[in-house]
Amino acid sequence: MQIIRSIAELRTARRGLEGTLALVPTMGALHEGHLTLVREGRARATQVAATIFVNPLQFGPNEDLSRYPRQEEQDLQLLEREGCDLVWLPTPDQLYPPGFATTVTVAGVSERWDGEARPGHFAGVATVVAKLLIACAPDVALFGEKDFQQLAVIRRMAGDLGLPVEIVGVPTVRDADGLALSSRNAYLSPEQRRQALALPRALEQAAEQIGAGQPVATALAEAKAALIDNGFTRIDYVALVDGDSLEPLEIPCRNMRLLAAATLGTTRLIDNLAVAAGSHSGG
Numbered sequence: 231m232q233i234i235r236s237i238a239e240l241r242t243a244r245r246g247l248e249g250t251l252a253l254v255p256t257m258g259a260l261h262e263g264h265l266t267l268v269r270e271g272r273a274r275a276t277q278v279a280a281t282i283f284v285n286p287l288q289f290g291p292n293e294d295l296s297r298y299p300r301q302e303e304q305d306l307q308l309l310e311r312e313g314c315d316l317v318w319l320p321t322p323d324q325l326y327p328p329g330f331a332t333t334v335t336v337a338g339v340s341e342r343w344d345g346e347a348r349p350g351h352f353a354g355v356a357t358v359v360a361k362l363l364i365a366c367a368p369d370v371a372l373f374g375e376k377d378f379q380q381l382a383v384i385r386r387m388a389g390d391l392g393l394p395v396e397i398v399g400v401p402t403v404r405d406a407d408g409l410a411l412s413s414r415n416a417y418l419s420p421e422q423r424r425q426a427l428a429l430p431r432a433l434e435q436a437a438e439q440i441g442a443g444q445p446v447a448t449a450l451a452e453a454k455a456a457l458i459d460n461g462f463t464r465i466d467y468v469a470l471v472d473g474d475s476l477e478p479l480e481i482p483c484r485n486m487r488l489l490a491a492a493t494l495g496t497t498r499l500i501d502n503l504a505v506a507a508g509s510h511s512g513g
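See below:
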């Protein structure tokens with residue numbers, strides 16, 4: 231496995247990779263969700279590359295950039311075990327050199343939900359992912375559906391900029407009890423980890439209710455109440471949205487997604503679930 235730390239090294243290494251390339255961009259602190267993306271990349275391309283970069287542009291002034299978990303040695307061991315061919319670990323000055331003045335903003339799908347709760351977040355995401363895709367020139371790039379709005383933003387960005395890469399969403403990986411895997415789960419105390427299960431369970435209950443014909447507003451209100459009852463201190467949103475546009479829905483349609491973001495202690499958790507009228511399935 232090649233470990234690359236400079237753009238010059240990356241360009242040389244990229245020229246030496248034969249066949250098709252799959253890219254898995256990460257911020258490190260890898261878990262089974264990330265490794266699932268690597269495995270999917272191996273199934274879709276002859277070579278797999280990953281990036282590890284905690285992107286300062288997507289953190290707000292009061293967010294957890296400084297304490298975001300970093301475990302480079304462990305991450306590299308995990309990637310090598312999964313058969314990753316190349317890992318690029320850029321430093322902020324490589325991606326954002328002195329005088330850096332260009333950002334990528336995506337209208338529409340970025341504006342609601344996390345776009346409102348975390349101003350500037352998706353401009354940071356779109357900018358860094360565009361730079362990673364341009365530098366690595368993969369044939370396919372893989373992202374988890376847990377960050378469903380992020381996936382929609384990246385798809386729109388890549389399509390609008392005409393980047394020659396297929397953006398693939400991979401279903402959310404969950405612990406056995408149903409909690410979506412996230413690097414931020416490491417922040418949770420044992421008690422908070424138990425309380426966090428209220429998030430996927432509230433979405434599952436809302437999906438069942440909506441599928442059974444209960445009014446959307448009622449199902450969402452009950453989901454929010456369940457989160458508060460289980461110790462969540464702030465709810466940014468619990469919403470039923472169109473799966474493509476991410477616009478809110480008051481009446482069920484064919485392609486629906488439940489999105490949620492809420493804070494437990496000092497840890498903000500997100501989750502989502504696909505919903506079908508008359509039935510529901512996990513996302």
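Residue 231 is where the sequence shown starts when you use the numbering used here, and the numbers rise one by one after that. The beta carbon of each residue, even a glycine, is placed where N, CA and C say it ideally should be. Predicted model only: the values in this text are computed from it and were never measured.
As assigned by DSSP and simplified to three states, the class of residue i
i, result
"Ala371", "strand"
"Ser509", "Low per-residue confidence applies at Ser509: pLDDT is 45, beneath 50, and the placement is therefore not dependable, though the value from the model is reported in the following sentence. In the structure shown, Ser509 sits in a strand (DSSP, three-state: E or B)."
"Gln232", "strand"
"Thr335", "coil"
"Pro478", "strand"
"Thr242", "helix"
"Arg297", "coil"
"Gly271", "helix"
"Thr266", "helix"
"Gly249", "coil"
Residue range of the alpha helix (DSSP H) that includes residue i
i, result
"Ala442", "Unbroken run through Ala442: none, as it is neither H nor E."
"Leu325", "Pro322 to Leu325"
"Thr357", "His351 to Cys366"
"Ile458", "Val446 to Asp459"
"Arg311", "Glu302 to Arg311"
"Gly290", "Run containing Gly290: none; DSSP gives neither H nor E here."
"Glu346", "Asp344 to Ala347"
Residue interval of the beta strand (DSSP E) (run including residue i)
i, result
"Gln277", "Gln277 to Ile282"
Identity of the residues DSSP links to residue i by a beta bridge
i, result
"Trp318", "Ile234 and Thr281"
"Leu488", "Leu470 and Leu503"
"Ala259", "DSSP, once it has assigned bridges, lists no residue as partnering Ala259."
"Val254", "Ala280"
"Ile384", "Its beta-bridge partners do not exist; DSSP assigns none."
"Leu494", "Thr497"
Below-8 Å beta-carbon distance, residue i vs any chain B residue
i, result
"Leu267", "The structure shown contains no chain B, having only a single protein chain."
Handout entry: At least 3 beta-carbon pairs within less than 8 Å: the stretch 446-458 vs the stretch 409-419
Key = no
Practice task
Run through the stretch 389-435 for me and flag every whole alpha helix (DSSP H) of 4 or more residues, listed as ranges in chain order.
Solution key: 420-425
Handout entry: Sufficient close CB pairs (3 or more, under 8 Å) joining the stretch 317-330 to the stretch 266-277
Key = no
Practice task
Check whether the stretch 486-498 touches the stretch 364-371, counting contact only when three or more Cβ pairs, one atom from each stretch, lie closer than 8 Å.
Solution key: no
Handout entry: Stretch-stretch touch, CB-based, cutoff 8 Å, three pairs: the stretch 338-351 with the stretch 304-315
Key = no
Problem - Segment contact, 8 Å Cβ cut-off, at least three pairs: the stretch 372-383 with the stretch 499-506 - result: yes
Handout entry: Segment contact flag, the stretch 254-271 with the stretch 393-403, C-beta cutoff 8 Å, min 3 pairs
Key = yes
Practice task
Would you check if the stretch 453-469 and the stretch 427-434 touch, i.e. whether three or more CB-CB distances between them fall below 8 Å?
Solution key: yes
Handout entry: Stretch pair the stretch 388-397 + the stretch 281-295: three plus CB contacts closer than 8 Å
Key = no
Problem - the stretch 241-250 contacting the stretch 283-300, beta-carbon criterion three pairs below 8 Å - result: no
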